[in-house]
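Colleague: My questions all concern the structure below.
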Amino acid sequence: MKIELKEIIAGAILSCYRNLIGNEECRIPEHISVDFDVPKNRDHGDLTTNFAMKYASSAKKSPIELSRMICDCVASSGIEGLKKIEPAGPGFINVFLEHEVFYNVVLEVLDKREKYAVSDTCRGKKVIIEFVSANPTGPLTVAHGRQAAVGDALARLLANSGCEVFREYYLNDRGRQIDILGKSLYSKYMKLCGREYPFPDDGYKGSYIDDLAKKLYSEKGAEFSGISEKTVEFMCDYAKNNILEWIKKDLADFSVEFNSYFSEKKFSETGKVEEAIKLLEKKGLVYEKDGAIWFNSRKYGDDKDRVMVKSSGEWTYITPDIAYHKDKLDRGFDLLIDLWGPDHHGYIPRMKAAVQAMGFNAGCLKVVIIQLATLYQGKNKLSMSTRQGEFISLREVMNEVGVDAARYFFLMLNTDSHLDFDLELAKKRSAENPVYYIQYTHARICSMLEKYNEKFGHDYIPVVQPGILEELTNREEKDLIKKISVFPSAAELAASLLEPHRIHVYLTELASLFHSYYHKDSKKFRVIGEKEDNITLARMALVSAVKIIIASGLGLLGITAPEKM
RNA sequence: GCGCCCGUAGCUCAAUUGGAUAGAGUGUCUGGCUACGGACCAGAAGGUUAGGGGUUCAAAUCCUCUCGGGCGCGCCA
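Each residue of the first sequence is one higher than the one before, starting from 54 at the first, in our numbering.
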């Protein structure tokens, strides 16, 4: 839809409204706006607004009366491209547009191609999105896979809206879990050397620890079979470095690239964590109690205060993380987006409190909770525990169902819905995964382009002479164009709500309209005609536009648009 | 006990953030290419949107209570 026209009509409605009630002693609400929807029912026009119902009371008129008056007024102002504007139902204002308005959509798509939906609503805003951030204590699981897919898609969507986007992985590479990891490896390794080292009570039991031990032994023999603090440190480094390499490889193969891996260990050595504590101290937001240092997070809405420094002198988990968030803001990012698992949702108020306490707006931090992907094998729920070594790795899922299908599966659902991922089903019926429905559309259109070449001896060139598109007179064609025209706002909405699944919903609708059009009565609707006439050229322009939108939409999700399948 | 999320067709999920007749896929049933890709299409059946109450022109959506499910509530990470 030509945005300009939409705004012109909205402007006309507003000025009519003002004129109508201006003379009377009515209160015009401070913020009034005209919001258009695209109605589901085509009898309700091309655009519709609830404006009259929303502001009827302030105009002291009935919604029906107001809608009628506004329609009369706007109709008389002679807007080019506006065919009809009429009141309907309880007070809707329905807008019908001239056909040429729709043809222009096709021209615009063919002209801008994959940039059709690019907007600048977010121009100049620096956004950092932190996601996956799995501890380097084991391979990535399916839960991480969902986060990786969602985070990457969000980054793409925000970039499409004009934001400057930075992807970061917060690497929890120090602390207790790493220590346990190192000792787990140490124990397994010592066994290979024919010696003993106690396996930690809550050690990591996955077979990958055995693999690492074997690898170490084959590389270094019994070189580290002594028992010392230094050796423990070596084991920690060896294990986490190797595991991090696996993680990076998995992510790369999953088409997820990070701008940086932010090492908590290195960060903790910069003194910035102490600085953050001092900053809060200076503001009088920390206090000492029972030998520990507490953050007065209740002041900013948390339900209890939090310990930052234990009586042992160690930091708690949140302390470096608070400093890390300050660091992100200090690096000049306007918006911090964190993707967390549901087990961390209780953590939101304290981090928001910390952001505010350090002098930033709470709105700077947006936390998206990604509900778990629960794995099923048939009807059996698989318990997932990295430490117990019971998990299905992202790698396995990728290998079984393919990257595109796996990513799409993760992105189809609203992130705050649980995802039931039945492995058997996903493996066995991968060809029925909805992603193929979308990709098939693209492949089919590519095939039509090939057919065109075969028939007329040259490629279809999407340069459209004025007037040719007037051949697109069928209702089905208009519906397709209308759907194409809302792609930019669908992308916009998905970005602003941080909900990539909306792209899936949109693409499914578009693909469905296309397939339906394709299968219509073949004499009337055949795209490639006998001759290279205007109808053929017009329809080729239309399906080319569909192809571009499908590829762009899949691109926003980080999924390929194959030419053949 | 308190907090957050969820509850929509047999199953898995949507629903343009409060809009007009709640939609797809899957499963079941019936049809459709000598033509541009049948990984597709057309049609049927399937609903008291967990339940009660409230707010208004309008509620799956907002408020409230009840029931049911998930997850949190540490000087763990």
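All C-beta atoms in this analysis are idealised placements derived from N, C-alpha and C, irrespective of residue type, glycine included. Small disclaimer: the values here were computed from a predicted structure and weren't measured.
Compare the beta carbon distance of K600 and L563 with 8 Å and say whether it is the shorter of the two.
Modeller: no
Colleague: Compute the distance between the beta-carbons of D226 and S316, then report whether it is under 8 Å.
Modeller: yes
Colleague: Specify the secondary structure class of N349 as computed by DSSP and reduced to three states.
Modeller: coil
Colleague: So, helix, strand or coil for A169, using DSSP?
Modeller: As written in the sequence, residue 169 is Tyr, which differs from the Ala given in the question. Of the three classes helix, strand and coil, the one that applies to Y169 here is coil, per DSSP.
Colleague: Could you pull out every residue in the same chain whose Cβ sits closer than 6 Å to the Cβ of S214, ignoring the five residues on either side in sequence?
Modeller: S172, T174, C175 and A548
Colleague: Please state whether DSSP places E133 in a helix, a strand or coil.
Modeller: coil
Colleague: Given this structure, state the Cα-to-Cα distance separating A202 from E139, to the nearest angstrom.
Modeller: 44 Å
Colleague: What is the C-beta distance between P487 and M465, in whole angstroms, given that I count them as a contact (C-beta under 8 Å)?
Modeller: 7 Å
Colleague: For S613, which option in E524, A543, K577 and A459 has the closest C-alpha, if you only look at C-alpha atoms?
Modeller: Rather than Ser, the amino acid found at residue 613 in this sequence is Thr. It is A459.
Colleague: Tell me the rounded alpha-carbon separation between S115 and E530.
Modeller: When rounded, the distance between both Cα atoms is 37 Å.
Colleague: For S308 versus G582, is the C-beta spacing smaller than 8 Å?
Modeller: no
Colleague: Which complete beta strand (DSSP E) runs does the stretch 462-544 hold, if anything under 3 residues is left out?
Modeller: Counting whole runs of 3 or more residues, the stretch 462-544 contains the beta strand (DSSP E) stretches 472-475.
Colleague: Straight-line CA distance for S500 to L207?
Modeller: Cα to Cα, the separation comes out at about 31 Å.
Colleague: Just to check my reading of the structure: L150 and V517 have Cβ atoms closer than 8 Å, yes? What is that Cβ distance to the nearest angstrom?
Modeller: L150 to V517, Cβ: 19 Å. No contact.
Colleague: I'd like to check one pair, L447 with G204: are the Cβ atoms closer than 8 Å?
Modeller: no
Colleague: Report the three-state DSSP secondary structure of N312 (helix, strand or coil).
Modeller: coil
Colleague: Take I423 as the anchor and find which of P553, M411 and Q230 has the nearest alpha-carbon.
Modeller: P553
Colleague: Let me check understanding here. Comparing Cα to Cα, which of D306, F386 and Y291 lies closest to G177?
Modeller: F386
Colleague: I'd like the list of long-range same chain contacts for K352, defined as Cβ closer than 8 Å, with 5 residues on each side in sequence excluded.
Modeller: L338, A406 and A410, listed in sequence order.
Colleague: Which residue's Cα is closest to the Cα of G259: S470, F348, S237 and I371?
Modeller: S237
Colleague: Output the boundary residues of the alpha helix (DSSP H) element that contains N213.
Modeller: V195 to N213
Colleague: For K136, I'd like the list of residues in its chain whose CB is within less than 7 Å of its CB, leaving aside the five on either flank, ordered along the chain.
Modeller: F149, L150 and E151
Colleague: Provide the residue span of the beta strand (DSSP E) that contains T102, from first to last.
Modeller: Run containing T102: L100 to T102, per the beta strand (DSSP E) assignment.
Colleague: Going by CA-CA distance only, name the one from L609, A591, A275 and V558 that's closest to N157.
Modeller: A591
Colleague: Does DSSP classify R555 as helix, strand or coil?
Modeller: helix
Colleague: Go ahead and pull the three-state DSSP assignment for M618.
Modeller: In the structure shown, M618 sits in coil (DSSP, three-state: anything other than H, G, I, E or B).
Colleague: Between A329 and the rest of its own chain, which residues show a CB-CB distance below 8 Å, the 5 nearest in sequence each way excluded?
Modeller: T372, I375, A376, K379 and M411
Colleague: Just to confirm, are A544 and A170 a CB contact at a threshold of 8 Å?
Modeller: yes
Colleague: For D396, count neighbouring Cβ atoms within 10 angstroms of its own Cβ and tell me buried if that reaches 16, exposed if not.
Modeller: exposed
Colleague: Can you list, in chain order, the residues of its chain whose CB lies under 7 Å from that of D358, leaving out five sequence neighbours each side?
Modeller: W347, F348, N349, S350 and R351
Colleague: Of the choices L525, E453 and K267, whose alpha-carbon is the least far from that of I588?
Modeller: L525
Colleague: Take the Cβ of Y340 as the centre, count every other Cβ of all protein chains shown within 10 Å, and call the residue buried at 16 or more, exposed below.
Modeller: exposed
Colleague: Suppose you measure from the CA of G134 to the CA of D99; what does that come to, to the nearest Å?
Modeller: 12 Å
Colleague: Per DSSP, what are the beta-bridge partners of P251 in this structure?
Modeller: Beta-bridge pairing links P251 to no other residue.
Colleague: Give the secondary structure of R24 by DSSP, where H, G and I count as helix, E and B as strand, and everything else as coil.
Modeller: Residue 24 cannot be examined here, being either before or after the span of the chain that is shown, 54 to 618.
Colleague: Have a look at H197 and D475 and give me their C-alpha separation to the nearest angstrom.
Modeller: For H197 and D475, the gap between their C-alpha atoms comes out near 16 Å.
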